[in-house]
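Colleague: In the working numbering, the protein residues as written are 870 to 958.
Could you have a look at this structure, given as structure tokens, before my questions?
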């Protein structure tokens, strides 16, 4: 092979190696983002009230007590409320 062919082959291999290295590093360092939870619109409007109740309960208690949460009438927010309260701890 001629000198030019060797140089071109060597340059292509280097470029392929650099591309593969960059691709592997980008794939390895991708942050694992938590998927955004879907919350029903009726429940989303209800969440700020729950947050206010939690802040009041925490400020009035000495680390003990409970909080009663009731979903709006006609809407099942049990799963959304469970996830919200679990994340709020």
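In this text, a Cβ means the ideal position worked out from N, Cα and C, and glycines have one as well.
Whole-angstrom Cβ separation of residue 909 and residue 946, contact assumed at under 8 Å?
Modeller: One-based indexing of the chain shown puts residue 909 at position 40. One-based indexing of the chain shown puts residue 946 at position 77. At roughly 7 Å, the Cβ-Cβ gap stays under 8 Å, so residue 909 and residue 946 are in contact.
Colleague: Work out the CA separation of residue 948 and residue 955 for me, nearest whole Å.
Modeller: As a position in the chain shown, residue 955 is number 86, starting the count at 1. As a position in the chain shown, residue 948 is number 79, starting the count at 1. Going from the Cα of residue 955 to the Cα of residue 948 covers about 11 Å.
Colleague: Do residue 944 and residue 920 come within 9 Å of each other at the CB atom, strictly closer than that value?
Modeller: Here residue 920 refers to the residue found at position 51 of the chain shown. Here residue 944 refers to the residue found at position 75 of the chain shown. Their beta carbons are not under 9 Å apart, which means residue 920 does not touch residue 944 by this criterion.
Colleague: Exposed or buried, residue 893, counting other C-beta atoms within 10 Å across all chains shown (16 or more means buried)?
Modeller: The residue labelled residue 893 in the question sits at position 24 within the chain shown. Exposed.
Colleague: Please identify the residue among 885, 916, 928 whose C-alpha is closest to the C-alpha of residue 951.
Modeller: The sequence position of residue 951 within the chain shown is 82, counting from 1. Distances from the CA of residue 951 to each of 885, 916, 928 were compared; the closest alpha carbon is that of 916.
Colleague: Go to residue 912, then tell me how far its alpha helix (DSSP H) extends in each direction, as first and last residue.
Modeller: Translated into positions along the chain shown, residue 912 becomes position 43. It spans 910-929 - the alpha helix (DSSP H) in which residue 912 sits, taken as one unbroken run.
Colleague: Have a look at residue 896 and residue 877 and give me their C-alpha separation to the nearest angstrom.
Modeller: Counting from 1 along the chain shown, the entry for residue 896 is found at position 27. Counting from 1 along the chain shown, the entry for residue 877 is found at position 8. Each residue's alpha carbon lies about 29 Å from the other.
Colleague: Give the straight-line distance between the Cα atoms of residue 937 and residue 922, rounded to the nearest whole angstrom.
Modeller: Translated into positions along the chain shown, residue 937 becomes position 68. Translated into positions along the chain shown, residue 922 becomes position 53. Straight-line Cα distance between these residues: approximately 9 Å.
Colleague: State the Cα-Cα distance for the pair residue 924 and residue 931, rounded to the nearest angstrom.
Modeller: In the chain shown, counting from the first residue as 1, residue 924 sits at position 55. In the chain shown, counting from the first residue as 1, residue 931 sits at position 62. Near 12 Å, if we compare the C-alpha coordinates of residue 931 and residue 924.
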